[in-house]
Amino acid sequence: MYSSALIVSLLFCVMKIDAKGKVETDLNGEWSITNSNRSLRFSGTVPGGVYTALYDNKIIQDPYYRDNDGKYRWIGLDDWTYSRSFQLSADSIQKNNIILVAEGLDTFSTISINGKQIGTSENMYVRYTYDIKNVVKPDNNTISVDFSSAVKEAERLANESSYFIPPACTFATQHGECHVNFIRKAQCSFSWDWAPSFPVQGIWQNIYIQSFDSTVIREFSALSKKASDNTWSVDVEVHFDVRTGSTTGKLETQLVGTPVSFTKEIVLNPTNTSFKFTLNIPKDTNIDLWWPNGYGNQSLYQLTVNFTSDNSQESTAKTIKIGFRTVEIVQVPVTSNPKHGLTFFYKINDVPIFFKGTNWVPSDSFLERVTYDRIKILLTSAAEVHINSMRVWGGGIYESDSFYELADELGIMIWSDFMFSVALYPTTKSFLDTVTIETRQQVRRLKHHPCIVVWAGNNENELGLQQGWFGVKDADPYKTDYIKLYIDTIGTIVQGEDTTREYLSSSPSDGKLTKEAGGIAQNPASELYGDIHYYNYFADLWDWKTFQIPRFASEYGVESWCNYETLQPVFAEEDFDYWSPMTERRQHHVFGNIEMIVEALAHIQLPNASDVKQRFQDLIYVTQIHQAMAMRVETEHYRRHTNILREDGRGMTMGAFYWQLNDIWQAPTWASIDYNLKWKMIHYYARHFFNPNLISPYINGTNLNIYMVIDEIPNHLYRHPDTHTLEFRPLQEHRKLEEIYPKNVDSERVMTLDNTVIMEMYTWNNFTPLKTWTIPYKLNQTSGLIFQKNQDDVLSEAGCSDKKHCFLYFYLNSKSIPTSTSWLPLTYFTDTQGVIPKANIQITNVVSSSKTEFNVTLATNNIAPFVWINAYNITGRFSDNGFLMKDPSLHLTFTAWQPVDLDTFNKSLTVKSLMDIYYYSGNDATYLKYKPVSNKSLQRLLYNVH
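So, in structure tokens, the structure goes:
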């Protein structure tokens, strides 16, 4: 099946000869792939996997199309071989050392060169090196990588285990594989409640041959540290690959942009392969700090290292970028009563930071498709909505260098899980041995990044073990296994490799209390310690009283469907029905589609289009409204509690990571950005609920309360001398401000928290407000209550006879150029037909300022809630969306991820609002209404939908 041209192309590989003699032979590119019985033979690109190679050769359809995750299960059950020919030059062959380096093999493989086995692999997270000096020859060579089915290997290991290690399999709704906890592979590759099962085999990262006489630098890492006298230093580690003999040479290091350098003659041999030293930064050297997004600049410095051998004059070099910042997790008593627990918040450069964040999952099942541009769009989209932190979730992968480099540049702090999630794990010698290598390699690869602020051992395994999720509860051998893996193995390695960051053994955990308990706390879900994960699919998620009051919420969320056009490439025509078999299959969360409808019914009347395809589009819109509003309510609840401490000790919340930022495929999930990189409504809402000047109105009993939450300013933790309670206060002393913010202090912003909120009450049928209130405030904390009044009195003052006819709108500073805005409906949207008039929203003007920037003007004849403007099949984002349009006209901007012409963009635009999902009956001028839903009819709607 191969042409002669293809065979010739397989012989070609790129050789890079270093100016001083080291030779590198690139083996990326085109390889031959065959299955176990040789019935299939085709070409594939490396880095890459077998699914995308099959698809590129038109042997299979798009794996994401319809139910292909099930139809193509045979791919994951087969064994696949990658092979190619390569040439080594005479210069390469003559070198003392010839090493094959495989940066990532997924997962179980046997590697052979010229028919001779040279090694195996068993961990996709490990960089493997193989000495091939004695098996290669001049000119033509062959290499093969024989992969074994990860599904079958996981089953084999589970069967060989001397005791049952749960869970065995995923939920049936996930259509996944079993025993993924026995192997070191992305746990979500066997499926998750937001991910399909595609157990990839392949060479997923770079593969190359290094030929050298003396040594090469294998790992280069650095940690910046600040001393008590405010001077900085950098602890540097260089790890070499030394196979034979002794090598003497000169090591040179330079901190680019400063006069700081280091030169030393060192001796290396196979038992002494690393060199560690400290760069001391003179006190008079100007060092710019690295700050999180919103707090200052993300200053980065290049650090270079070069080693030159005395004998061969062969050199090897690496460059990384580092930042200067301090990080600390503060866990101190919240009051003098020890039963009230401990704080849990982060200080960066001695400034307490509220972590406004989200959770990251792999952005494709097929990692070779994750480009730099894709990561950049996702992370830039996060930074644009004031996200300053992100948790790399523990069931995926340790992300690419590009991911962490972009996070460094954007100021997004990373909570970095190790890749263990919602399972118990074996602790055999072979398992712990490979985890040891994995942990050490990944920490050394990543620890120089200033964006990483904490290491966490796993996702939810302490909680699952303690609460008996897996049918066992805090019992041996599982408890002993847990301690052995996360405390004795991973924890010991992390603490030995990185002295600048905290290691949390799990998320969620009780932080310091978990540590004092030896690794497993009595209640890892406590609101008084550490972090929590909170989900509730049976309560009213638009009611703030539903939610817990933790120190730090590192997971919380609710589902919605992805955007309609995102589904079009992977659905057939008959699938575009909310209750179709394919939408059910696409939903991996148990009862997820039903839950979304039940949750929406509590707040919004369901759409009534007779056409099922139109009704599906409208239901997607409704699920996105529900998700956006629910996450707004919950996130604002957490932010308001920054300076609230309840009598039972709950409060002082300093972190909110909603689940999740991104999608791995086209499906209903918790994501705020869908697989096609289109923002869902929740992501637009994040721009508001993470606003550094948050106006947060809510109803508390009979009262209307308004809170202001101000962050991205210098502040400090203050303990009251009498009550011993804590609060976060802005720094008022300018000298101290200049010490912390020497370059970018905004004195106008940080020296005062005096301001004015303007509140207006409107009826749904009039652009003119009923009444305007001016609310001046002065805060001596970073958050606080600025207004409280009986809701009925507010309605009475405005002349609003029925709260369902009215809503409130808020501005900070001024109406014309507000610093921030907010709005508050006074009832849910369950009985709004006949109350909210249908708006005729028109797109009146579209102009382009560039090929990627457009200005759009909207006009409306009525006030319209949840206005949704869409650029069909054009990826990008508007300046706002899902908004309340309370004025006759509105100007928006659109930023496209790729260049697009004005005419194409203009034709792509559509706009709708809430009342557009309810349709007229004939000539009747009233909307079709749903009758009140009885329990029996609700059951029919939900359970007999097919």
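Counting from 82, one number per residue, gives the positions in the sequence shown under the working numbering. The beta carbon of each residue, even a glycine, is placed where N, CA and C say it ideally should be.
6 Å Cβ shell around residue 948 - same chain, five flanking residues per side excluded: Sequence index remark: in the sequence shown, residue 948 carries index 867 (1-based). If we look at residue 948 and ignore the five residues flanking it on each side, its Cβ neighbours are 964, 966 and 994.
Which residue's Cα is closest to the Cα of residue 300: 955, 854, 589 and 522? Indexing the sequence shown from 1 puts residue 300 at position 219. Of 955, 854, 589 and 522, the residue nearest in Cα terms is 522.
How would you write the range of the alpha helix (DSSP H) that residue 835 sits in, first residue to last? As a working note, residue 835 is residue 754 in the sequence shown. DSSP places residue 835 outside any alpha helix (DSSP H); the residue lies instead in the beta strand (DSSP E), whose first and last residues are 835 to 844.
Going straight from the alpha carbon of residue 641 to that of residue 655, what length do you get? Here residue 641 corresponds to residue number 560 of the sequence shown, with the count starting at 1. Here residue 655 corresponds to residue number 574 of the sequence shown, with the count starting at 1. If I take the Cα positions, the gap works out to 21 Å.
Reduced DSSP category for residue 344 - H, G, I as helix; E, B as strand; rest coil: Position 263 of the sequence shown, counted from the start, is the residue given in the question as residue 344. Taken through DSSP and simplified to helix, strand or coil, residue 344 comes out as strand.
Between the Cα of residue 867 and those of 792, 858 and 875, spot the shortest distance and give me the residue it belongs to. As a first step, residue 867 is located in the sequence shown; it is residue number 786 there, counting from the start. Ranked by Cα distance from residue 867, the options 792, 858 and 875 are led by 858.
Which first and last residues belong to the alpha helix (DSSP H) in which residue 599 is found? Taking the first residue of the sequence shown as position 1, residue 599 is located at position 518. No alpha helix (DSSP H) contains residue 599, which DSSP labels as neither H nor E.
Label residue 878 either buried or exposed according to how many other C-beta atoms from any shown protein chain fall within 10 Å of its C-beta, with 16 as the threshold for buried. Position 797 of the sequence shown, counted from the first residue, corresponds to residue 878. An exposed status is given to residue 878, since fewer than 16 other beta-carbon atoms sit within 10 Å of its beta-carbon.
Using the beta-carbon count (16 or more within 10 Å), is residue 583 buried or exposed? Here the question's residue 583 lines up with position 502 in the sequence shown. By the 10 Å Cβ count, residue 583 comes out buried.
So, under 8 Å CB-CB, residue 315 and residue 305 are touching, yes? Tell me the CB distance rounded to an integer number of Å. As a first step, residue 315 must be located in the sequence shown, where it is residue number 234. As a first step, residue 305 must be located in the sequence shown, where it is residue number 224. About 5 Å separates the two Cβ atoms, so the contact holds.
Looking at residue 811: is its Cβ nearer than 9 Å to the Cβ of residue 863? As a first step, residue 811 is located in the sequence shown; it is residue number 730 there, counting from the start. As a first step, residue 863 is located in the sequence shown; it is residue number 782 there, counting from the start. Yes, they are a contact pair.
If you follow the beta strand (DSSP E) that residue 789 is in, where does it begin and where does it stop? Taking the sequence shown and counting its residues from 1, one reaches residue 789 at position 708. Residue range 784 to 791 is occupied by the beta strand (DSSP E) that includes residue 789.
Starting from residue 871, trace the beta strand (DSSP E) in both directions and tell me its first and last residue. Indexing the sequence shown from 1 puts residue 871 at position 790. If you look at residue 871, you'll find it in the beta strand (DSSP E) that goes 864 to 871.
Which runs of the alpha helix (DSSP H), 4 residues or longer, sit entirely within the stretch 738 to 787? For secondary structure counted as the alpha helix (DSSP H) over 4 or more consecutive residues, the stretch 738 to 787 holds these complete runs in sequence order: 762 to 770.
Cα-Cα separation between residue 916 and residue 503, rounded to whole angstroms: The residue given as residue 916 occupies position 835 in the sequence shown. The residue given as residue 503 occupies position 422 in the sequence shown. Counting only the Cα atoms, residue 503 lies some 47 Å from residue 916.
7 Å CB neighbourhood of residue 792 in its chain, flanking five on each side removed: Within the sequence shown, residue 792 is the residue found at index 711, counting from 1. In its chain, beyond the 5 residues on either side, 435, 773 and 863 have a beta carbon closer than 7 Å to the beta carbon of residue 792.
Near residue 998, which residues of its chain fall below 6 Å by C-beta distance, leaving aside the five closest residues on each side in sequence? In the sequence shown, counting from the first residue as 1, residue 998 sits at position 917. So the qualifying residues of the chain are 688 and 699.
Residue span of the alpha helix (DSSP H) that contains residue 155, given as start and end: For this step, residue 155 is matched to residue 74 along the sequence shown. Looking at the DSSP string, the run of the alpha helix (DSSP H) that includes residue 155 is 154 to 158.
Select from 681, 627, 670 and 783 the residue whose C-alpha is nearest the C-alpha of residue 1029. The chain is shown from 82 up to 1027; residue 1029 falls before or after that span and cannot be answered.
In three-state terms, what does DSSP make of residue 369? Sequence index remark: in the sequence shown, residue 369 carries index 288 (1-based). The three-state secondary structure of residue 369, taken from DSSP, is coil.
Using 8 Å for Cβ pairs, my map puts residue 955 next to residue 981. What's the rounded Cβ distance? Walking along the sequence shown from the start, residue 955 turns up at place 874. Walking along the sequence shown from the start, residue 981 turns up at place 900. Going by Cβ atoms, the distance from residue 955 to residue 981 rounds to 6 Å, so yes, they are a contact pair.
Just verifying my parser: in three-state terms, what is the DSSP assignment at residue 728? Within the sequence shown, residue 728 is the residue found at index 647, counting from 1. The answer is coil: DSSP assigns residue 728 none of H, G, I, E or B.
Is residue 149 helix, strand or coil by DSSP? For this step, residue 149 is matched to residue 68 along the sequence shown. Three-state result, residue 149: helix.
How big is the Cα-Cα spacing for residue 210 and residue 183? The count along the sequence shown starts at 1 and reaches residue 210 at position 129. The count along the sequence shown starts at 1 and reaches residue 183 at position 102. Their backbone Cα atoms lie some 6 Å apart in a straight line.
Under 8 Å, with one C-beta from each stretch per pair, do the stretch 974 to 988 and the stretch 675 to 687 reach the 3-pair mark? Cβ pair count under 8 Å is below three, so no.
Run the CB neighbour count on residue 620, radius 10 Å, all protein chains shown included, and call it buried at 16 or more, exposed below. Position 539 of the sequence shown, counting from 1, holds the residue named residue 620. In this structure residue 620 is exposed. Its beta-carbon is surrounded by fewer than 16 other beta-carbon atoms within 10 angstroms.
Cβ neighbour criterion (16 or more within 10 Å) applied to residue 672: Position 591 of the sequence shown holds residue 672. Around the C-beta of residue 672, fewer than 16 other C-beta atoms lie within 10 Å, and the residue is accordingly described as exposed.
Beta-carbon proximity check, residue 736 vs residue 634, cutoff 9 Å: Walking along the sequence shown from the start, residue 736 turns up at place 655. Walking along the sequence shown from the start, residue 634 turns up at place 553. Cβ atoms of residue 736 and residue 634: closer than 9 Å.
Taking the alpha-carbon of residue 194 as reference, which of 171, 221 and 551 has the nearest alpha-carbon? Here the question's residue 194 lines up with position 113 in the sequence shown. Taking each of 171, 221 and 551 in turn and checking the Cα distance to residue 194, the smallest one comes out for 221.
May I have a chain-ordered list of the beta strand (DSSP E) segments no shorter than 3 residues that lie completely inside the stretch 385 to 444? Those beta strand (DSSP E) runs which fall completely within the stretch 385 to 444 and span 3+ residues are 396 to 403, 408 to 411, 426 to 429, 432 to 434 and 436 to 441.
Is residue 970 buried or exposed, if buried means 16 or more other CB atoms sit within 10 Å of its CB? The residue labelled residue 970 in the question sits at position 889 within the sequence shown. Classification for residue 970: exposed.
Own chain, CB closer than 7 Å to residue 665, minus 5 neighbours either side, in chain order: Indexing the sequence shown from 1 puts residue 665 at position 584. Only 674 meet the Cβ criterion.
Residue of 566, 459 and 848 minimising C-alpha distance to residue 946: For this step, residue 946 is matched to residue 865 along the sequence shown. Minimum Cα-Cα distance from residue 946 among the listed residues 566, 459 and 848 corresponds to 848.
Closer than 7 Å by C-beta to residue 780: which residues in its own chain qualify, once you throw out the five before and the five after it? Chain order, please. Taking the first residue of the sequence shown as 1, we reach residue 780 at position 699. Once the five neighbours on either side are set aside, the close Cβ partners of residue 780 are 872.
Go to residue 211, then tell me how far its beta strand (DSSP E) extends in each direction, as first and last residue. As a working mapping, residue 211 is identified with position 130 in the sequence shown. Per DSSP, the unbroken beta strand (DSSP E) holding residue 211 starts and ends at 209 to 212.
For the alpha helix (DSSP H) that contains residue 674, what are its first and last residues? Against the sequence shown, residue 674 aligns to sequence position 593. Going by DSSP, residue 674 is part of the alpha helix (DSSP H) stretching over 673 to 682.
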